[in-house]
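Here the protein sequences line up with chains A and B, keeping their order.
With this note's numbering, the residue at position 113 of the first sequence is 200, and numbering never jumps.
With this note's numbering, the residue at position 201 of the second sequence is 714, and numbering never jumps.
Glycine included, each C-beta is placed from N, C-alpha and C at the ideal position.
Predicted model only: the values in this text are computed from it and were never measured.
Structure, as structure tokens:
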Amino acid sequence: MKYNSMRRVKEAVALNKPDRVPLFLFLSTRAAKELDMNLDEYYSSPDNIVKAQLKVIKKFSNDCAYNFYYAAVEYEAFGGDIVFPERNSGVVNSGEPIIKTVEDIAKLKVPVISESKSLQNVLEVTRKLSKELKGEVPVVGVCIAPFALPIMQMGFDKYIDLIYSDFDAVLSLVKKNKQFTLNWAKAQKEAGADVIVYVNPLASYEILDSKMYRDLIFAHDIEVVKQIDTYVCSLMGSARIYDGFDMILDTGFDLTAFASDDNPDIIRKSRNKLALLGNLNANDMLNWSKEDAIRYTKETLDLYSKDGGFILSGNYAEFPYDIKDEILLAISDTVSKYGKYEK
Amino acid sequence: MKLIDRIIQSIRYVDRNEASHLFDMVFKKSGVEGLNLSIIEVLNKIGDLWESDKLSLTQLYMSGVICSEVIDSYDIETTIISSSLKIAIGVIKDVHTLGKKIIYSNLKSQGFNITDIGSRLSPEDILKIVKENDYDLLLLSALMHGSALYVKNVVELFEKNNIKIPIIVGGAPFRLDEELYKTVSADYTASGPKQLIEIIKGLKK
Numbered sequence: 088m089k090y091n092s093m094r095r096v097k098e099a100v101a102l103n104k105p106d107r108v109p110l111f112l113f114l115s116t117r118a119a120k121e122l123d124m125n126l127d128e129y130y131s132s133p134d135n136i137v138k139a140q141l142k143v144i145k146k147f148s149n150d151c152a153y154n155f156y157y158a159a160v161e162y163e164a165f166g167g168d169i170v171f172p173e174r175n176s177g178v179v180n181s182g183e184p185i186i187k188t189v190e191d192i193a194k195l196k197v198p199v200i201s202e203s204k205s206l207q208n209v210l211e212v213t214r215k216l217s218k219e220l221k222g223e224v225p226v227v228g229v230c231i232a233p234f235a236l237p238i239m240q241m242g243f244d245k246y247i248d249l250i251y252s253d254f255d256a257v258l259s260l261v262k263k264n265k266q267f268t269l270n271w272a273k274a275q276k277e278a279g280a281d282v283i284v285y286v287n288p289l290a291s292y293e294i295l296d297s298k299m300y301r302d303l304i305f306a307h308d309i310e311v312v313k314q315i316d317t318y319v320c321s322l323m324g325s326a327r328i329y330d331g332f333d334m335i336l337d338t339g340f341d342l343t344a345f346a347s348d349d350n351p352d353i354i355r356k357s358r359n360k361l362a363l364l365g366n367l368n369a370n371d372m373l374n375w376s377k378e379d380a381i382r383y384t385k386e387t388l389d390l391y392s393k394d395g396g397f398i399l400s401g402n403y404a405e406f407p408y409d410i411k412d413e414i415l416l417a418i419s420d421t422v423s424k425y426g427k428y429e430k
Numbered sequence: 514m515k516l517i518d519r520i521i522q523s524i525r526y527v528d529r530n531e532a533s534h535l536f537d538m539v540f541k542k543s544g545v546e547g548l549n550l551s552i553i554e555v556l557n558k559i560g561d562l563w564e565s566d567k568l569s570l571t572q573l574y575m576s577g578v579i580c581s582e583v584i585d586s587y588d589i590e591t592t593i594i595s596s597s598l599k600i601a602i603g604v605i606k607d608v609h610t611l612g613k614k615i616i617y618s619n620l621k622s623q624g625f626n627i628t629d630i631g632s633r634l635s636p637e638d639i640l641k642i643v644k645e646n647d648y649d650l651l652l653l654s655a656l657m658h659g660s661a662l663y664v665k666n667v668v669e670l671f672e673k674n675n676i677k678i679p680i681i682v683g684g685a686p687f688r689l690d691e692e693l694y695k696t697v698s699a700d701y702t703a704s705g706p707k708q709l710i711e712i713i714k715g716l717k718k
């Protein structure tokens, strides 16, 4: 049977060696460049996202389609504002926090997915991509972990204050977020998402100390992740996972992203246990020459791909808008050339 | 265990009551100056622990919060002047203020003359604030890469308006790309409070 992206990815996730290392270029705003549109125009119609994703799959031999709009899409569903950047290289930001006092938590309503325009747009993109790609290329969706959503809902500083002063209040917020995260992941799955990236920076020891995560949050993540009935990929933003690897494993993820400065020994920890996705430094790519792109891609393949179970990608779920075509093409060509497995 | 180490341990566990009790012991024994010196020592050691991956970001943030609370609880002015520079700190474009708050509370607690000029600032906002307040040093924080790029516009505006103060940048994009501060024409970048303080102490008014 001929290899397509889906088969390639499935074999990598199953810790095997496909024909070559799969490549996940997470191009969200960067894909808008292909249609030569401003971001607000680009996001005004799901058809634009579908068109751009199909284009970048072909152009860069990308092994995934990405339904992602921007991180604040879930926050928008909770009633938050979003702020479009003045120029395309900016990001779509969440606006002022919607939870200003502990009392606001009780008033917060769990968004009904069918009633949220922003979520419906993402689902429409997912359905259309899934239909167009006919199961040959996996569609990747994103959901933010219940304990990570308050970073936008409250602002990170206020959220940290609450974690250390009133954890019961945090739990009452997370109860609502858990319900939403599960509904949102399931809706994306039903619309055709084959992989859900579970964005969970608090699981990184860089962000929250591991003991606190293990004692207070870990069980909630296990409960959510085990109910998402498709491939689930752990992503801690751009934070390192090294010391938290065993917890990732025990959470029940099918694969995990890792940081560009993670301990390379992670390959030993993950062997025969969990597929890895990473870890080119997407920010550095802005300064790379074509030769740099080839060199870093080869180095990454040499370090992590030998035993299978590896998907080449960036260090977080977005490649910056200003990355040049020649860099993405050099990465893609290098994977095609040097990422092959001998059969 | 030495008292300073006990304080650090209480901060590591974000035990406000214990930290406050221990700092009070220092105050009763050594007065305002002793308290200020112990806060500086604690925050320096906390900075070391964070930079060597032995402390998380949330613990680093809470260390500044706890030390600020201690200082506020005595209603006293710091007796330590760590630098004569008049410093402004703000967040460019982003709404994410955690990095700014970490640096602000840390520097304030260590006797720096620092003012929080806000978040979601445009380059024009920053120019106006700096011009009106005659700052000697500008600290800019960003979380998103796209926001970090706006630092270059600040530098250009400063040049046009003949404002010659150093700009130090920090935040995730500058940590992930160590050359980014040069791309946006900032003078320095710092990965955390400890490195930042070393840079500031090397600057002259």
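Residues in the same chain with beta-carbon distance under 7 Å from residue i, minus the five sequence neighbours each way, listed in chain order, please.
i	result
Leu415(A)	Leu112 and Phe147
Gln554(B)	In the sequence under discussion, the amino acid at residue 554(B) is Glu, which differs from the Gln named in the question. Within the same chain, Glu554(B) has close Cβ partners Ile517.
Pro105(A)	Tyr90, Arg94, Arg95, Glu98, Ala99 and Tyr428
Val319(A)	Ile283, Tyr285, Val312, Phe340 and Asp341
Phe345(A)	Ile328, Ile353, Leu363, Gly365 and Asn366
Ile144(A)	Ala152 and Val224
Ile250(A)	Val257
Asn402(A)	Ser325, Ala346, Ser347, Gly365, Asn366, Leu367, Asn368 and Ala369
Does residue i pass the burial test, meaning 16 or more other C-beta atoms within 10 Å, or should it be called exposed?
i	result
Asp255(A)	exposed
Glu183(A)	exposed
Ser586(B)	exposed
Asp389(A)	exposed
Lys265(A)	buried
Gly242(A)	buried
Ala193(A)	exposed
Val199(A)	exposed
Thr188(A)	exposed
Leu122(A)	exposed
Ala326(A)	buried
Ser419(A)	buried
His534(B)	exposed
Asp647(B)	exposed
Three-state secondary structure (DSSP) at residue i?
i	result
Lys427(A)	strand
Asp629(B)	strand
Leu336(A)	helix
Tyr694(B)	helix
Asn366(A)	strand
Ser181(A)	strand
Gly279(A)	coil
Ile639(B)	helix
Tyr648(B)	coil
Cys580(B)	helix
Tyr701(B)	strand
Gly331(A)	helix
Phe119(A)	The identity of residue 119(A) in the sequence shown is Ala, whereas the question assumes Phe. Residue state, collapsed to three classes: helix.
Leu689(B)	helix
Thr343(A)	strand
Ala159(A)	coil
Less than 8 Å between C-beta atoms, sequence neighbours within five positions excluded: which residues of the same chain meet that for residue i?
i	result
Val608(B)	Ser632 and Arg633
Glu691(B)	Thr702
Asn674(B)	Leu640 and Lys644
Gly279(A)	Thr213, Arg214, Leu216, Ser217, Lys218 and Val226
Ile335(A)	Ala290, Ser321, Ile328, Thr343 and Leu361
Met514(B)	Gln522
Taking the DSSP output, what are the residues bridged to residue i?
i	result
Lys599(B)	Asn626(B)
Ser654(B)	Val604(B) and Gly683(B)
Cys230(A)	Tyr285(A)
Arg107(A)	Lys427(A)
Ser321(A)	Tyr285(A) and Thr343(A)
Leaving out five residues on either side along the sequence, give the residues of the same chain with a beta carbon under 6 Å from the beta carbon of residue i.
i	result
Ala417(A)	Lys377, Ala380 and Ile381
Leu670(B)	Pro636 and Leu640
Contact residues within the region 553-585 of chain B, judged by C-beta distance below 9 Å to chain A: Result list: Asp566, Leu568, Ser569, Leu570, Thr571, Gln572, Tyr574, Met575 and Val578.
Short-range partners of chain A found in the region 675-691 of chain B, where Cβ spacing is below 8 Å: Ala685, Pro686, Leu689 and Asp690
Interface residues of the region 592-611 of chain B facing chain A [CB-CB below 8 Å]: Lys606, Asp607, Val608, His609, Thr610 and Leu611
Selection of the region 145-162 of chain A by Cβ proximity to chain B, strictly under 7 Å: none
Under 7 Å (Cβ pairs) to chain A, residues found in the region 522-556 of chain B: Val527
Within 7 Å of chain B by C-beta, residues of the region 323-348 of chain A in sequence order: Ser325
Against chain B: residues of the region 358-370 of chain A by CB proximity under 9 Å: Asn368, Ala369 and Asn370
Short-range partners of chain A found in the region 614-633 of chain B, where Cβ spacing is below 9 Å: Lys614, Ile615 and Arg633
Chain A contacts made by the region 703-718 of chain B, where a contact means CB separation under 7 Å: none
Chain-ordered residues of the region 633-665 of chain B with a beta carbon less than 7 Å from chain A: From the region 633-665 of chain B, only Met657, His658, Gly659, Ser660 and Leu662 have a Cβ closer than 7 Å to chain A.
Contacting positions in the region 278-312 of chain A - beta carbon closer than 7 Å to chain B: Tyr292, Glu293, Ile294, Leu295 and Asp296
Residues within the region 236-268 of chain A neighbouring chain B, beta-carbon criterion of under 8 Å: Gly242, Phe243, Asp244, Ile247, Asp248, Ile250 and Tyr251
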